[in-house]
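Colleague: Mind having a look at this structure? Questions to follow.
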Amino acid sequence: MLCACTAKFLSYVHFFFSFFLFLRFYVLRARECAHTRVCAHGNRKRGRRGGGGRWKESQADSPRSREPIVFNSKTAELLSHHQVEIKQEFPREGWVEQDPKEILQSVYECIEKTCEKLGQLNIDISNIKAIGVSNQRETTVVWDKLTGEPLYNAVVWLDLRTQSTVENLSKRIPGNNNFVKSKTGLPLSTYFSAVKLRWLLDNVRKVQRAVEEDRALFGTIDSWLIWSLTGGANGGVHCTDVTNASRTMLFNIHSLEWDKELCDVVYCHLCFQCLGDQSAALVGQMCFQDGQAKNTYGTGCFLLCNTGRKCVFSEHGLLTTVAYKLGRDKPVYYALEGSVAIAGAVIRWLRDNLGIIKTSEEIEKLAKEVGTSYGCYFVPAFSGLYAPYWEPSARGIICGLTQFTNKCHIAFAALEAVCFQTREILDAMNRDCGIPLSHLQVDGGMTNNKILMQLQADILYIPVVKPSMPETTALGAAMAAGAAEGVGVWSLEPEDLSAVTMERFEPQINAEESEIRYSTWKKAVMKSVGWVTTQSSESGDPSIFCSLPLGFFIVSSMVMLIGARYISGQLLFKLDNFIS
């Protein structure tokens, strides 16, 4: 009887132990969302202007950089510039960060060097009348307003760590995705700032403590730079503009105010007390009329179409965003946007990860050697697919390989991939707007690649038009700053805008060939979808129980209980025989 009792006792112990593990399994995956408060002081609609130049964060197919560019407000002539590269950090797979202090230090260095160059040209820096700031819009920073120290690295726009945050938010948002999109024009995605902020609040103790003590400031890169450049902890101006605010997923693009309901959903209670880079490029390309569009080729690809004062909601996977608002009393203009996560970044991947090329410029030489991908297709979905799919489960693939495929064909396929992704966005844009584009205006570092530009014209089957001065993002921010109230050194009236010399690329293949290549690309895209599940790797909890499925605990408990009962029955049977 003692043995039988022991067996029963062990079975119950195992049951309760398994039940404990069962609870632990769920607790490890539960996201406790404490109501928090992030302070944002200062006027949210106006930034301080003054000082020199125009500080630009360029997006190119080289590592991220900071580059101040000085323009002549009468002729739009580029007078001086200096560029400093900023390294990215990849602490885990899918995580992308930058050091906010390194970003700020690079700006200081660029200011100093640019002013030195102006002096060498005998240009008095006191003649500089305004500063325009252009920046990556969704990249997120939280810092201490008392010390001026960042509380964590900047979480970059293409970072993927927040996928489970997105999934948790989607479960408790009323109306799910439509609730957010109707207010912000954006889908729920790892792309935008609100989910990055939520992750910082959930996972970084320094951020949590600063919020509890009312010391935390949150912003995109423009906010961090302007606050630091205007005094920092000694009275710096904490502000942003509508183009950056509209990418946080917390800003109502209809009322042009922070939305309390959205903040409540994300559990970020803001105390409300510049141009984004793609909006600046739209202005720099002088796309002031309805239906005008531009595409910027940098680390990612960003195609914006001006929809005027009408807020158009896409039915084909595009974003509705604020294009620009050039003054306190000026009207707001909206745009449809298609965002591609990987464009120039694929060239860097071929260089740094595969070693196919030694410099980014070599990609054009390799592609030129073969002039074709030889049926090879490259879908660079390293961070999932953005517009028009919004598919986080996708991963990069190279398909259509044969024994004759070599690195030149892969290089060509990488350039084609950028063009095919642009075609997908343009097709969606044409369906939403109802008026097909007659030509596409382009800018960004990758537009120096003539093979890429010709490929783009062939795949779109419309002309591609490139300005002789590719720094249109910088030009747009300078134009906005120069036209600001109280500055007035740059007129944005159509008759006063300087003519820009353009290079034009016409399609050189027939429409049938273009369609065949495009349809094959879309088959490749479908093969890239569904490669990964969207389980979270955010918490970094090393416990082995995180990886064990729920069924393990249930099944193992049942097996052990049955086994224990069998053992106890056998023992009782043997004991009865022994007694008899």
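For the sequence shown, the numbering used here assigns the number -9 to the initial residue and increments by one for each residue that follows. Where is the CB? At the ideal position from N, CA and C, for every residue including glycine.
1. Where are the alpha helix (DSSP H) runs, 4 residues long or more, that stay fully inside the stretch 420 to 452, in chain order?
2. Measuring alpha carbon to alpha carbon, tell me which residue in Y324, G317 and G361 is nearest V302.
3. Using CA coordinates, which residue listed in E75, R385, A66 and L465 is at the minimum distance from E83?
4. Quick one: Cα of I612 to Cα of L309, how far?
5. Can you find a CB in chain D that lies within less than 8 Å of the CB of L316?
6. Which one or two residues does DSSP pair with V369 in a beta bridge?
7. Would M239 and L219 qualify as a contact pair, given that the criterion is a beta-carbon distance under 8 Å?
8. Is P140 near the ligand ADP, judged by its Cβ being under 7 Å from some heavy atom?
9. If you drop the 5 nearest sequence neighbours on each side, which residues of the same chain put their C-beta closer than 6 Å to that of Q275?
10. Does DSSP put Q275 in a helix, a strand or coil?
11. Starting from L375, follow its DSSP beta bridges and name the residues at the other end.
12. What would DSSP say about L356, mapped onto helix, strand or coil?
13. What distance in whole Å lies between the Cβ atoms of M459 and L68, which are believed to be in contact at a cut-off of 8 Å?
14. In or out: F394 buried (at least 16 other Cβ within 10 Å) or exposed?
15. With three or more beta-carbon pairs closer than 8 Å as the criterion, would you say the stretch 412 to 422 touches the stretch 325 to 333?
16. If you count every other CB in all the chains shown that lies within 10 Å of the CB of L94, and 16 or more means buried, which is it?
17. DSSP on N224, reduced to helix/strand/coil?
18. In its own chain, which residues sit with a C-beta less than 7 Å from the C-beta of S179, not counting the 5 before and 5 after it?
19. Please report how far the alpha carbon of K456 lies from the alpha carbon of S504, in whole angstroms.
20. Determine the closest residue to K315 out of I243, V336, G374 and I441, with distance taken between C-alpha atoms.
21. Helix, strand or coil for L190 per DSSP?
22. Just reading off the beta strand (DSSP E) that N285 is part of, what are its end residues?
23. Within the continuous beta strand (DSSP E) that includes A206, where are the two ends?
24. Nearest to P382 by CA position, among E102, T129 and S518, is which residue?
25. Can S183 and E247 be called in contact, C-beta distance under 8 Å?
26. Return the chain-ordered ranges of every alpha helix (DSSP H) run that is complete within the stretch 462 to 515 and spans a minimum of 4 residues.
27. What separation, rounded to the nearest whole angstrom, lies between the Cα atoms of I602 and L190?
28. So is N33 buried or exposed if we call it buried at 16+ other beta carbons inside 10 Å?
29. Assuming contact is defined by CB atoms lying nearer than 8 Å, are G334 and M436 in contact in what I supplied?
30. For the candidate residues P90, T104 and N193, whose alpha-carbon lies nearest to that of L215?
31. To which residues of the same chain is W521 closer than 7 Å at the C-beta, ignoring the five residues directly before and after it?
32. Return the CA-CA distance between E79 and F368, expressed in angstroms with no decimal places.
33. Please classify Q88: does DSSP put it in a helix, a strand, or coil?
34. Would you report the Cα separation of E496 and Y98, rounded to the nearest angstrom?
35. Can you find the residues in the same chain that come closer than 6 Å, C-beta to C-beta, to I452, ignoring five residues on each side of it along the sequence?
36. At what residues does the beta strand (DSSP E) containing N125 begin and finish?
Modeller: So, to answer that:
1. 440 to 450
2. By one-based count along the sequence shown, residue 302 stands at place 312. When only C-alpha atoms are compared, the closest one is Y324.
3. On the sequence shown, residue 83 is found 93 positions in, with the first residue counted as 1. Answer by Cα proximity: R385.
4. Residue 612 falls outside the range modelled here, since the chain spans only -9 to 570, and no answer is possible.
5. Any reference to chain D falls outside this structure, which holds one protein chain only.
6. For the purposes of this step, residue 369 is taken as residue 379 along the sequence shown, with counting starting at 1. DSSP, once it has assigned bridges, lists I387 as partnering V369.
7. Within the sequence shown, the letter at position 249 stands for residue 239. Within the sequence shown, the letter at position 229 stands for residue 219. No. Outside cutoff.
8. You won't find the ligand ADP in this model; it holds no ligand whatsoever.
9. Counting from one through the sequence shown, the residue named residue 275 turns up at place 285. Closer than 6 Å at Cβ, skipping near neighbours: K284, Q431 and T462.
10. As a first step, residue 275 must be located in the sequence shown, where it is residue number 285. Residue state, collapsed to three classes: coil.
11. Mapped onto the sequence shown, residue 375 falls at position 385. Partner(s): E381.
12. Numbered from its first residue, the sequence shown carries residue 356 at position 366. L356: helix per DSSP, three-state reduction.
13. For the purposes of this step, residue 68 is identified with residue 78 of the sequence shown, where counting begins at 1. For the purposes of this step, residue 459 is identified with residue 469 of the sequence shown, where counting begins at 1. With 8 Å as the limit, L68 and M459 qualify as a contact, their Cβ atoms being about 6 Å apart.
14. Taking the sequence shown and counting its residues from 1, the one referred to as residue 394 is at position 404. That one is exposed.
15. yes
16. Here residue 94 refers to the residue found at position 104 when the sequence shown is read from its first residue. Its Cβ being crowded by 16 or more others within 10 Å, L94 is buried.
17. Locating residue 224 in the sequence shown gives position 234, counting from the first residue. Three-state DSSP puts N224 in coil, outside helix and strand.
18. Here the question's residue 179 lines up with position 189 in the sequence shown. Hits under 7 Å: V156 and W380.
19. For the purposes of this step, residue 456 is taken as residue 466 along the sequence shown, with counting starting at 1. For the purposes of this step, residue 504 is taken as residue 514 along the sequence shown, with counting starting at 1. Going by the C-alpha atoms only, they are around 21 Å apart.
20. Stepping through the sequence shown from its first residue, residue 315 is reached at position 325. The option with the nearest alpha carbon to K315 is I243.
21. Locating residue 190 in the sequence shown gives position 200, counting from the first residue. In this structure, L190 counts as helix in the three-state DSSP scheme.
22. By 1-based counting over the sequence shown, the position of residue 285 is 295. It spans A283 to Y287 - the beta strand (DSSP E) in which N285 sits, taken as one unbroken run.
23. Numbered from 1 along the sequence shown, position 216 holds the residue referred to as residue 206. First-last of the beta strand (DSSP E) with A206: A206 to T210.
24. Reading the sequence shown from its first residue, position 392 is the one you call residue 382. Taking only the C-alpha atoms, the option nearest P382 is S518.
25. Numbered from its first residue, the sequence shown carries residue 183 at position 193. Numbered from its first residue, the sequence shown carries residue 247 at position 257. The answer is no: Cβ separation not under 8 Å.
26. 462 to 472
27. Look at the range of the chain in this structure, -9 to 570, and you will see that residue 602 is not part of it.
28. The sequence position of residue 33 within the sequence shown is 43, counting from 1. Note on N33: pLDDT 35, under 50, position unreliable in the model; the coordinate value appears next. Exposed, since its Cβ has fewer than 16 Cβ neighbours within 10 Å.
29. Residue numbering aside, residue 334 sits at position 344 when the sequence shown is read from its first letter. Residue numbering aside, residue 436 sits at position 446 when the sequence shown is read from its first letter. Yes, the pair counts as a contact, with Cβ atoms nearer than the cut-off.
30. Taking the first residue of the sequence shown as position 1, residue 215 is located at position 225. Here the closest residue by C-alpha is P90.
31. Position 531 of the sequence shown, counted from the first residue, corresponds to residue 521. Excluding sequence neighbours, W521 sits near S383, A384 and R385.
32. As a working note, residue 79 is residue 89 in the sequence shown. As a working note, residue 368 is residue 378 in the sequence shown. Rounded to whole angstroms, E79 to F368 spans 25 Å at the Cα level.
33. Along the sequence shown, one-based indexing puts residue 88 at 98. Here Q88 sits in strand by DSSP.
34. Your numbering for residue 496 matches position 506 in the sequence shown. Your numbering for residue 98 matches position 108 in the sequence shown. E496 and Y98: Cα-Cα distance of roughly 42 Å.
35. As a position in the sequence shown, residue 452 is number 462, starting the count at 1. Correct list, in chain order: H429.
36. One-based indexing of the sequence shown puts residue 125 at position 135. V123 to N125 is the span of the beta strand (DSSP E), which, as asked, contains N125.
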